[in-house]
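All remarks here apply to the structure that follows.
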Amino acid sequence: MKNSNKSNTLINLMLKYNFLQHINQPNRVTKTSSTCLDLIFTNFKDEHQIYVHDYGFSDHKGTIYQKKGLKYNETNKIIIRKRIYNENNINLFKSELDYKKYNKLLKQAVILSKKIDKFRRMARSNNITKSMWQIVRDSTNKNKIKPRSNITLNIHNKLTSKPQQIANAFNTYFASVGGAACAGHSTDQSTAGCPVYNPVENSMFLRLVEPREIYDIIRSLKNKNSCGIDEVPPSFLRKCAKELTLPLYLLINQSFTDGVFPDLLKKCIIRPVYRKKEEKRTQEIIVP
9 MKNSNKSNTL INLMLKYNFL QHINQPNRVT KTSSTCLDLI FTNFKDEHQI YVHDYGFSDH
69 KGTIYQKKGL KYNETNKIII RKRIYNENNI NLFKSELDYK KYNKLLKQAV ILSKKIDKFR
129 RMARSNNITK SMWQIVRDST NKNKIKPRSN ITLNIHNKLT SKPQQIANAF NTYFASVGGA
189 ACAGHSTDQS TAGCPVYNPV ENSMFLRLVE PREIYDIIRS LKNKNSCGID EVPPSFLRKC
249 AKELTLPLYL LINQSFTDGV FPDLLKKCII RPVYRKKEEK RTQEIIVP
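Numbering-wise, this note's numbering comes out as the position in the sequence shown, counting from 1, plus 8.
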């Protein structure tokens, strides 16, 4: 490259951007002239080599720039992506569109069905406020069922959670607490042994019931899903009022006639109502 104002201006301009000129040999040689037509500028400052190769079929020689340290990975593959519009792909595309339309219609149908179900639950409910809150909990996934466990009592310095032992402890305590409370009080000997009320001369009489009474009582029950010791919710009884009227009518009248009260109806479920942060506290009962 000849030294001239234009060549120096070009080199200085490239130096401002940290580009260096690597070709200093003529790459076009004729009988009358020798010039450098091809220029190579790089910002590499490490080792490199420049070759000007004469191929012999032109006066314009080839210029080769070789930088050391570069590696060519032959495993790199060129990936070309293109769309194939064959009949199979077109059918798949149509099927995908149909699925999206069906999915949209299905979501709309599910939302509408949920709304209708909520309105029906509100219409059948006897307690609208409670039903509304239950629907809110179901919709927000906050309808958590707290695990229930048997209560633990300290009986004679021994912890127990067996239902039979706990029931016997309650029965023993309440059966004897009255006598223990009155043991320290004196009694008037003149009135001892005398009843505080006039005895009933005649026995109590219960008239027989009618099937209509049984049916009306069943239908008057609250529509709840909570169960007693028989594990039968009132909502189930209301739905089966017609089927249960005749059996209950016969059983109740038979009980009144024989004067026998069923033992199963004498049982009850005792569930302690805990305050907050008191679920793990052990209950203690004093057994004399």
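Every residue gets a Cβ at the ideal spot worked out from N, C-alpha and C, and that includes glycine.
C-alpha distance - I222 paired with S139, whole-angstrom precision = Working through the sequence shown from its first residue, we reach residue 222 at position 214. Working through the sequence shown from its first residue, we reach residue 139 at position 131. Here the alpha carbons of S139 and I222 stand approximately 27 Å from one another.
query = In three-state DSSP terms, what is R129?
reply = The residue labelled residue 129 in the question sits at position 121 within the sequence shown. Of the three classes helix, strand and coil, the one that applies to R129 here is helix, per DSSP.
message = Nearest by alpha-carbon distance to D46: which of T71, S147, Q262, E239 is it?
response = Residue numbering aside, residue 46 sits at position 38 when the sequence shown is read from its first letter. Minimum Cα-Cα distance from D46 among the listed residues T71, S147, Q262, E239 corresponds to T71.
key: The beta strand (DSSP E) enclosing T2, as first and last residue numbers   = With the chain running from 9 to 296 in the structure shown, residue 2 is simply not present.
inquiry  = Here's the rule I'm using: 16 or more other beta-carbon atoms within 10 Å means buried, otherwise exposed. How should N94 be labelled?
reply    = Counting from one through the sequence shown, the residue named residue 94 turns up at place 86. N94 should be labelled exposed.
message = With DSSP as the reference, identify every bridge partner of D60, one or two as the case may be.
response = Translated into the one-based positions of the sequence shown, residue 60 becomes position 52. Asp is not the amino acid found at residue 60; the sequence shown has Val there. T71.
ask   = Alpha carbon to alpha carbon, how far is F127 from L100?
value = Counting from 1 along the sequence shown, the entry for residue 127 is found at position 119. Counting from 1 along the sequence shown, the entry for residue 100 is found at position 92. Roughly 41 Å separates the two Cα atoms.
query = Would DSSP call R36 helix, strand or coil?
reply = The residue labelled residue 36 in the question sits at position 28 within the sequence shown. Here R36 sits in strand by DSSP.
ask   = Roughly how many whole angstroms lie between the Cα atoms of Q262 and P241?
value = Mapped onto the sequence shown, residue 262 falls at position 254. Mapped onto the sequence shown, residue 241 falls at position 233. Cα-Cα distance, rounded: 24 Å.
query = Just reading off the beta strand (DSSP E) that T168 is part of, what are its end residues?
reply = Taking the first residue of the sequence shown as position 1, residue 168 is located at position 160. From DSSP, the beta strand (DSSP E) with T168 extends over 166-168.
inquiry  = In this structure, how does DSSP classify T50 when only helix, strand and coil are distinguished?
reply    = Indexing the sequence shown from 1 puts residue 50 at position 42. Correct three-state label for T50: strand.
ask   = So what's T137 in DSSP terms, helix, strand or just coil?
value = On the sequence shown, residue 137 is found 129 positions in, with the first residue counted as 1. Three-state result, T137: helix.
inquiry  = Measuring straight from C-alpha to C-alpha, what distance separates D125 and N135?
reply    = One-based indexing of the sequence shown puts residue 125 at position 117. One-based indexing of the sequence shown puts residue 135 at position 127. So the two alpha carbons sit approximately 16 Å from each other.
message = Helix, strand or coil, according to DSSP, for I293 in the structure here?
response = The residue you call residue 293 lines up with position 285 of the sequence shown. Because the pLDDT of I293 is 43, which lies under 50, any placement of that residue in the model is unreliable, and the number read from its coordinates should be weighed accordingly. Reduced to three states, the DSSP call for I293 is coil.
task = Starting from the Cα of V60, find the closest Cα among L273, T265, H30 and give me that residue.
result = Your numbering for residue 60 matches position 52 in the sequence shown. Closest in alpha carbon position to V60, among L273, T265, H30, is H30.
Option nearest N231 by Cα separation, candidates F52, N111, M130, N11 = Translated into positions along the sequence shown, residue 231 becomes position 223. Comparing Cα-Cα distances from N231 to each of F52, N111, M130, N11, the minimum goes to M130.
ask   = What residues match up with T43 in a beta bridge as DSSP calls it?
value = The count along the sequence shown starts at 1 and reaches residue 43 at position 35. Looking at the DSSP assignment, T43 forms a beta bridge with R36.
query = Would you report the Cα separation of R220 and T265, rounded to the nearest angstrom?
reply = Locating residue 220 in the sequence shown gives position 212, counting from the first residue. Locating residue 265 in the sequence shown gives position 257, counting from the first residue. Spanning the two alpha carbons is a distance of roughly 19 Å.
key: Where N165 falls, given that 16 or more other Cβ within 10 Å makes a residue buried   = Residue numbering aside, residue 165 sits at position 157 when the sequence shown is read from its first letter. Classification for N165: exposed.
query = How long is the line joining the alpha carbons of I48 and D62, rounded to whole angstroms?
reply = For the purposes of this step, residue 48 is taken as the residue at position 40 of the sequence shown. For the purposes of this step, residue 62 is taken as the residue at position 54 of the sequence shown. I48 and D62: Cα-Cα distance of roughly 18 Å.
query = DSSP three-state call for L100: helix, strand or coil?
reply = Walking along the sequence shown from the start, residue 100 turns up at place 92. Of the three classes helix, strand and coil, the one that applies to L100 here is helix, per DSSP.
request  = Could you have a look at L28 and say whether DSSP puts it in helix, strand or coil?
outcome  = For this step, residue 28 is matched to residue 20 along the sequence shown. Three-state DSSP puts L28 in a strand.
key: Selected residue, minimal CA-CA separation from L252, among K275, I226, I92, G267   = Working through the sequence shown from its first residue, we reach residue 252 at position 244. Nearest of K275, I226, I92, G267 to L252, Cα basis: I226.
ask   = For the putative contact between N35 and H56, defined by C-beta atoms under 8 Å, what is the C-beta separation to the nearest angstrom?
value = Here residue 35 corresponds to residue number 27 of the sequence shown, with the count starting at 1. Here residue 56 corresponds to residue number 48 of the sequence shown, with the count starting at 1. With 8 Å as the limit, N35 and H56 do not qualify as a contact, their Cβ atoms being about 17 Å apart.
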